[in-house]
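Numbering that gives the first Met the number 0 numbers the first residue of the sequence shown as 0 and each following residue consecutively.
Glycine included, C-beta positions come from ideal geometry on N, C-alpha and C.
Below you'll find the structure, written out as structure tokens, and then a few comments.
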Amino acid sequence: MLRDLPLSSLVQIFISESYEGNLPHGLVKEDERVFLLSKKAMESISTTESQQGILAKIAIPKREEPEGDFYLILEDIQDPGNLGTIFRTAEAAGISHIFMNKTCTDIFSPKAVRSTMGSLFRVSFSIHEDLESICKMLKKRAVRIYAMHLSGENVFYQEDFRCPSAFMFGNEGNGLSESLTKLSDQLIRIPMQGQIESLNVATTASILMYEVYRQRQ
0 MLRDLPLSSL
10 VQIFISESYE
20 GNLPHGLVKE
30 DERVFLLSKK
40 AMESISTTES
50 QQGILAKIAI
60 PKREEPEGDF
70 YLILEDIQDP
80 GNLGTIFRTA
90 EAAGISHIFM
100 NKTCTDIFSP
110 KAVRSTMGSL
120 FRVSFSIHED
130 LESICKMLKK
140 RAVRIYAMHL
150 SGENVFYQED
160 FRCPSAFMFG
170 NEGNGLSESL
180 TKLSDQLIRI
190 PMQGQIESLN
200 VATTASILMY
210 EVYRQRQ
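As structure tokens, then:
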């Protein structure tokens, strides 16, 4: 993952004495950002039981102003694996910007960062106190807002997503809050068979994002 990060984001790199791999961006062990540590020291700062002998301190990306016409709005996502997967898929599907509220799990937690596989440093995103104001701002920009909801009137693939669009996803257990749901222009759903009542939020978001990607090709 380190090789996919911009050089400017690498603050410090820690390598074990036994590390034999190449450093990212052609850096050498003599670089002032590279620190050689003993195995014991590496284990003391690593957040995983089995690390590969290289760790890095990364600068937090600067907040970017949202541009484009393909947005995600995430409310209270609690699982770092889910959030990281959404970021990774968002990059692949061409998302313009991700809006999150502050009660989402920390995107900078070790598990979330690993789950993004580097997409965290390439996807435009911002964290907000109030997502309702974000919805109102997008509406002023003529962005149509969809809420993925179990009571959705329309199946997602029946919609035309070629216009500027934003998609709201809520908490894994409770779904979207009523206040945000009311701000949507359309409730949509994924059809399901069997005894399944709902899908994982990362799976749901991935299906939706790739339907948008498909329609816009």
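By the neighbour-count definition (other C-beta atoms within 10 Å, threshold 16), E29 is an exposed residue. With fewer than 16 other beta carbons inside 10 angstroms of its own, T46 counts as exposed. The criterion of a C-beta distance shorter than 8 angstroms is not satisfied by Q185 and Y156. G52 and R113 have their C-alpha atoms spaced approximately 16 angstroms apart. According to DSSP, Q185 shares a beta bridge with Y145. With fewer than 16 neighbouring CB atoms inside 10 Å of its own CB, A58 falls in the exposed class. DSSP lists L36 as the beta-bridge partner residues of S15.
Around the beta carbon of G174, 16 or more other beta carbons lie within 10 angstroms, which makes this residue buried.
Under the Cβ criterion (8 angstroms, minimum of three pairs), the stretch 158-169 counts as touching the stretch 63-82.
V211 and E31 have their C-alpha atoms roughly 45 angstroms apart.
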